[in-house]
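Peer 1: Residue numbers (my numbering), protein chains in the order written: chain A, 2 to 279; chain B, 2 to 279.
Backbone N, C-alpha and C define an ideal beta-carbon position, used for all residues, glycine too.
In this text, all values refer to a predicted model and were calculated from it rather than measured experimentally.
Number of protein chains: 2
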Amino acid sequence: MPKEDAAILLRDAPQTIDAFRDRLLGLSGQLPRRLQQCADHIARHMDQIALSTVAQVAEGAGVPPSAMMRFCQIMGFSGYAEMQRLFREALSRATPDYATRLANLKAGGAGQPSTLVAEFVEAGRQSMEALARDLDETALNQAVTTLAQARTIHLAGFRRSFPVASYLAYVFDKLGIPAILHDGVAGLAHRSSLRPGDALLAITFSPYSEETLTLATHARDQGLPVVILTDPPANQLAGLADTILTVTEIDFGAFRSLSAAIALALALAVAVATRRET
Amino acid sequence: MPKEDAAILLRDAPQTIDAFRDRLLGLSGQLPRRLQQCADHIARHMDQIALSTVAQVAEGAGVPPSAMMRFCQIMGFSGYAEMQRLFREALSRATPDYATRLANLKAGGAGQPSTLVAEFVEAGRQSMEALARDLDETALNQAVTTLAQARTIHLAGFRRSFPVASYLAYVFDKLGIPAILHDGVAGLAHRSSLRPGDALLAITFSPYSEETLTLATHARDQGLPVVILTDPPANQLAGLADTILTVTEIDFGAFRSLSAAIALALALAVAVATRRET
DNA sequence: ACCATTTTGGAATAAACGTTCCACCGCAAG
DNA sequence: CTTGCGGTGGAACGTTTATTCCAAAATGGT
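(1) Would you say PRO208 (chain B) lies against chain A (beta-carbon separation less than 8 Å)?
(2) Please check if any C-beta of chain B sits within less than 8 Å of the C-beta of LEU10 (chain A).
(3) Specify, as a first and last residue, the run of the beta strand (DSSP E) that THR247 (chain A) falls within.
(4) Can at least three beta-carbon pairs, one atom from the stretch 144-157 of chain A and one from the stretch 195-213 of chain A, be found at a separation below 8 Å?
(5) Rounded to whole angstroms, what's the CA-CA distance from LEU241 (chain A) to LEU259 (chain B)? Just pull it up for me.
(6) Using the Cα positions of ALA235 (chain B) and MET129 (chain A), report the straight-line distance between them to the nearest angstrom.
(7) Contact criterion: CB-CB distance below 8 Å. Does MET129 (chain B) meet it with respect to chain A?
(8) Is PHE121 (chain B) close to chain A, meaning its C-beta is less than 8 Å from at least one C-beta of that chain?
(9) Would PHE256 (chain A) pass as an interface residue toward chain B - the criterion being a Cβ-Cβ separation below 8 Å?
(10) Please return the same chain residues whose Cβ sits closer than 7 Å to the Cβ of LEU267 (chain A), not counting the five positions on each side in sequence.
(11) Examine the Cβ distances between the stretch 215-231 of chain A and the stretch 153-169 of chain A and report whether three or more of them are shorter than 8 Å.
(12) On the CB-based measure, 16 or more other CB atoms within 10 Å of its CB, does ARG94 (chain B) come out buried or exposed?
(13) Note down the Cα distance separating ASP13 (chain A) from ARG24 (chain A), rounded to an integer number of angstroms.
(14) Excluding the 5 residues flanking HIS46 (chain B) on each side, which residues of the same chain have their C-beta closer than 7 Å to its C-beta?
(15) Apart from the five residues just before and just after ILE43 (chain A), which ones in its own chain have a Cβ nearer than 8 Å to its Cβ?
(16) Chain A beta carbons: is any one of them nearer than 8 Å to that of PRO233 (chain B)?
(17) Can you name the residues of chain B whose CB is closer than 7 Å to the CB of GLY224 (chain A)?
(18) Between LEU265 (chain A) and the ligand GTP, is the CB less than 7 Å from at least one heavy atom?
(19) Could you check what DSSP says for THR205 (chain A) in three-state terms: helix, strand or coil?
(20) Can you list, in chain order, the residues of the stretch 147-160 of chain B whose Cβ is nearer than 9 Å to any Cβ on chain A?
(21) Which residue comes first and which comes last in the beta strand (DSSP E) that contains LEU156 (chain B)?
(22) Apart from the five residues on each side of it in sequence, which residues of its chain come closer than 7 Å, Cβ to Cβ, to PRO164 (chain A)?
(23) Can you find the residues in the same chain that come closer than 8 Å, C-beta to C-beta, to TYR209 (chain A), ignoring five residues on each side of it along the sequence?
(24) Please check the pair THR249 (chain A) and ASP137 (chain A), which I expect to be a contact at CB under 8 Å, by giving their CB distance rounded to whole angstroms.
(25) Can you pull the chain B residues whose beta carbon is under 8 Å from the beta carbon of GLU250 (chain A), in chain order?
(26) Using a Cβ-Cβ cut-off of less than 7 Å, give me the residues of the stretch 133-146 of chain B that come near chain A, in sequence order.
(27) Please classify HIS183 (chain A): does DSSP put it in a helix, a strand, or coil?
(28) Consider the Cβ of VAL263 (chain B): report whether some Cβ of chain A lies at a distance smaller than 8 Å.
(29) Specify the secondary structure class of ASP6 (chain A) as computed by DSSP and reduced to three states.
(30) Alpha carbon to alpha carbon, how far is PRO33 (chain B) from ASP41 (chain B)?
(31) DSSP three-state call for THR231 (chain A): helix, strand or coil?
(32) What residues from chain B crowd round VAL118 (chain A), counting only those whose CB sits closer than 8 Å?
(33) So which residues on chain B does ALA272 (chain A) lean against when the C-beta distance must stay under 7 Å?
(34) Consult DSSP for GLN16 (chain A) and reduce its assignment to one of helix, strand or coil.
(35) On the DSSP bridge list, what partners appear for ASP252 (chain A)?
Here it is in structure tokens:
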């Protein structure tokens, strides 16, 4: 170990997960082979630290436990136990007693209102996690670019998707971005409002609504870019859109929470606004 | 310990959290004092088991560690370690590497689309947890009763709340429950559609929209029951509604995810449908 | 009030785990 | 080829934590 060693060891330990990640990044690249293996493995499996023993983490990284111990010390902790405490605390703060509460709500019995709330909360949370896990960043960036360049954004979404579309309309309005909600009021399709330089953002979940598909086809025929927000698999829509964003929404019963779709839509809207300003 | 003891000990351990809770309930009431204390404390703090030592849990329950050990064995486990494993596994399955992924998304830098998604996901998840934590079951049951008795349910919700109201309209339609969405199209207030035997379900977040308040007042004047779904504090609305349901929605930036509001609304709708059928 | 039986608390024991230490290896400079 | 030094692995150690056991207290029935 080089001479600046003492300096590293004397620095105090990261107090937050973010600080931990920062130091991990700072160290990467200037470490001997085994320690680098530790760093790599830990970066990829941070969530396992809270519940695993040194031996387990070390095995996962393919190093002997003593190497992992050295790594912990280089990170500024006195040892593995201290490092683990950081992750344990983060984990327990994350779930104050949410799990218990959920369980208690469910305990009321099937059909009880509180049980239903618990189920929908659970479905929503899982949807959020699925979104974070499966997000296609490339597609998202592409969608942002497309929509940021559009003069006017046309929003389509009927039935289940209508709440998402209408919320987007509200948000775009607040952000000062020209957007038109195709709501089908009075049976009008507003096709003629699609003009060169515009773009279409359609939200539809399988089974896809006829109106949405028609509008998308129409937009494509006119050469307008189309972004579709839908659920996987989206094979059928491949020919209809330039960019396809998918969200896996976990349903409870026949109803979906829309949480993930709304979160993605919201992020999309804010990102478009940011991009436009610059 | 009574004679059926052997039978209990030989039963194998619960394999899931739900099975665990079942046995806990089954045992409650027929246990000696100290063991009952264990059962009570554990029922209330199940989420702490994964990360605590026997000594800590025992102290929390106000019993010596040995009592807690006996309790674990009565529950069918070989000891505390085996019981803890159940909770640890549940905990780690719940977060495969959601936390890591979120962190990676955020790492992209402020303003990046993926960072925004991470933020909204985080906000949504927190909202869900807040809903589960703060749900007023009494108010919820009351709301269900009120709405289940109504001939027609009138839905009001403008601006931010409109997506929630429109989703409710969709869901009630699918459930075969008569509901009218007051969408303000053509500037009509549809006041005359409020008839005896109906009920109003209004969704509004502060600052409350004028139209919604007007409609609620109108309904009350006619003696119709009013249920309001809003955010805390709801003091101003006290005089306007028979039942007030509150959801704490965590916003990111100026926008709220609506996750919690939608989850609650959905649960309400399904509960009303269930109640009607019976 | 006495006995049989269950329950209890804490001290003793065992297991798991974190941590340290040291002998050995590999590499790079002389 | 030798020497020096950081890097490495595994065995030994110490601490923490789970688990058992038994004597004492409590309980309930007669």
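Peer 2: On the basis of the data shown:
(1) Within the second sequence, the letter at position 207 stands for residue 208 (chain B). For PRO208 (chain B), the answer is no, since every Cβ of chain A falls outside 8 Å of its Cβ.
(2) As a working mapping, residue 10 (chain A) is identified with position 9 in the first sequence. Per-residue confidence for LEU10 (chain A) stands at a pLDDT of 40, beneath the threshold of 50, marking its modelled position as unreliable; the derived number appears in the next sentence. Answer no: the Cβ-Cβ gap between LEU10 (chain A) and chain B never drops below 8 Å.
(3) Here residue 247 (chain A) corresponds to residue number 246 of the first sequence, with the count starting at 1. That run of the beta strand (DSSP E) goes 244-247.
(4) yes
(5) Position 240 of the first sequence, counted from the start, is the residue given in the question as residue 241 (chain A). Position 258 of the second sequence, counted from the start, is the residue given in the question as residue 259 (chain B). Rounded to whole angstroms, LEU241 (chain A) to LEU259 (chain B) spans 29 Å at the Cα level.
(6) Translated into positions along the second sequence, residue 235 (chain B) becomes position 234. Translated into positions along the first sequence, residue 129 (chain A) becomes position 128. Here the alpha carbon of ALA235 (chain B) sits roughly 28 Å from the alpha carbon of MET129 (chain A).
(7) For the purposes of this step, residue 129 (chain B) is taken as residue 128 along the second sequence, with counting starting at 1. Yes - at least one Cβ of chain A is within 8 Å of the one on MET129 (chain B).
(8) In the second sequence, counting from the first residue as 1, residue 121 (chain B) sits at position 120. Judged by the 8 Å Cβ criterion, PHE121 (chain B) is in contact with chain A.
(9) Taking the first sequence and counting its residues from 1, the one referred to as residue 256 (chain A) is at position 255. Output row for PHE256 (chain A): interface = yes.
(10) Along the first sequence, read from residue 1 onward, the residue named residue 267 (chain A) stands at position 266. Within the same chain, LEU267 (chain A) has close Cβ partners VAL172.
(11) Touching, yes, given that three or more Cβ pairs across the two stretches are closer than 8 Å.
(12) Taking the first residue of the second sequence as position 1, residue 94 (chain B) is located at position 93. Its Cβ having fewer than 16 others within 10 Å, ARG94 (chain B) is exposed.
(13) Residue 13 (chain A) sits at position 12 when you count from the first residue of the first sequence. Residue 24 (chain A) sits at position 23 when you count from the first residue of the first sequence. Answer to the nearest angstrom: the Cα atoms are 11 Å apart.
(14) Taking the second sequence and counting its residues from 1, the one referred to as residue 46 (chain B) is at position 45. Within the same chain, HIS46 (chain B) has close Cβ partners GLY61.
(15) Stepping through the first sequence from its first residue, residue 43 (chain A) is reached at position 42. The residues are LEU25, ILE50, VAL58, ALA62 and PHE72.
(16) Sequence index remark: in the second sequence, residue 233 (chain B) carries index 232 (1-based). So, not an interface residue.
(17) Looking up residue 224 (chain A) in the first sequence gives position 223. Result: empty, since nearest Cβ-Cβ is about 25 Å, beyond 7 Å.
(18) For the structure depicted, the ligand GTP is absent and the ligand set is empty, with no information on it obtainable.
(19) For the purposes of this step, residue 205 (chain A) is taken as residue 204 along the first sequence, with counting starting at 1. In the structure shown, THR205 (chain A) sits in coil (DSSP, three-state: anything other than H, G, I, E or B).
(20) Listed in chain order, the positions of the stretch 147-160 of chain B with a beta carbon within less than 9 Å of a beta carbon of chain A are ARG160.
(21) Reading the second sequence from its first residue, position 155 is the one you call residue 156 (chain B). DSSP places LEU156 (chain B) inside the beta strand (DSSP E), whose first and last residues are 154-157.
(22) Residue numbering aside, residue 164 (chain A) sits at position 163 when the first sequence is read from its first letter. Apart from sequence neighbours up to five positions away, the residues of its chain that approach PRO164 (chain A) with a beta-carbon distance below 7 Å are LEU259, ordered along the chain.
(23) Taking the first residue of the first sequence as position 1, residue 209 (chain A) is located at position 208. Same-chain partners within the cutoff: THR231, GLN237 and LEU238.
(24) Taking the first sequence and counting its residues from 1, one reaches residue 249 (chain A) at position 248. Taking the first sequence and counting its residues from 1, one reaches residue 137 (chain A) at position 136. Not really, about 12 Å apart at Cβ, beyond 8 Å.
(25) Taking the first sequence and counting its residues from 1, one reaches residue 250 (chain A) at position 249. Within chain B, no residue has its CB atom less than 8 Å from the CB of GLU250 (chain A), the nearest being about 11 Å off.
(26) The residues in question are ALA133, ARG134, LEU136, GLU138, LEU141, ASN142 and VAL145.
(27) As a first step, residue 183 (chain A) is located in the first sequence; it is residue number 182 there, counting from the start. HIS183 (chain A): strand per DSSP, three-state reduction.
(28) In the second sequence, residue 263 (chain B) corresponds to position 262, counting from 1. The question names Val, but residue 263 (chain B) in the sequence shown is Ile. Closer than 8 Å to some Cβ of chain A, the Cβ of ILE263 (chain B) qualifies, so yes.
(29) Position 5 of the first sequence, counting from 1, holds the residue named residue 6 (chain A). Reliability fails at ASP6 (chain A), whose pLDDT of 41 lies under 50, so the model's placement of it is uncertain and no value is given.
(30) Against the second sequence, residue 33 (chain B) aligns to sequence position 32. Against the second sequence, residue 41 (chain B) aligns to sequence position 40. Taking the Cα positions, PRO33 (chain B) is about 12 Å away from ASP41 (chain B).
(31) Here residue 231 (chain A) refers to the residue found at position 230 of the first sequence. The three-state secondary structure of THR231 (chain A), taken from DSSP, is strand.
(32) As a working note, residue 118 (chain A) is residue 117 in the first sequence. In chain order: LEU132, ALA133, LEU136, LEU141, ALA264, LEU265 and ALA268.
(33) Taking the first sequence and counting its residues from 1, the one referred to as residue 272 (chain A) is at position 271. Near ALA272 (chain A) (Cβ distances below 7 Å), the residues of chain B are PRO114 and LEU117.
(34) Walking along the first sequence from the start, residue 16 (chain A) turns up at place 15. In this structure, GLN16 (chain A) counts as coil in the three-state DSSP scheme.
(35) Along the first sequence, one-based indexing puts residue 252 (chain A) at 251. DSSP lists A:ARG257 as partners of ASP252 (chain A).
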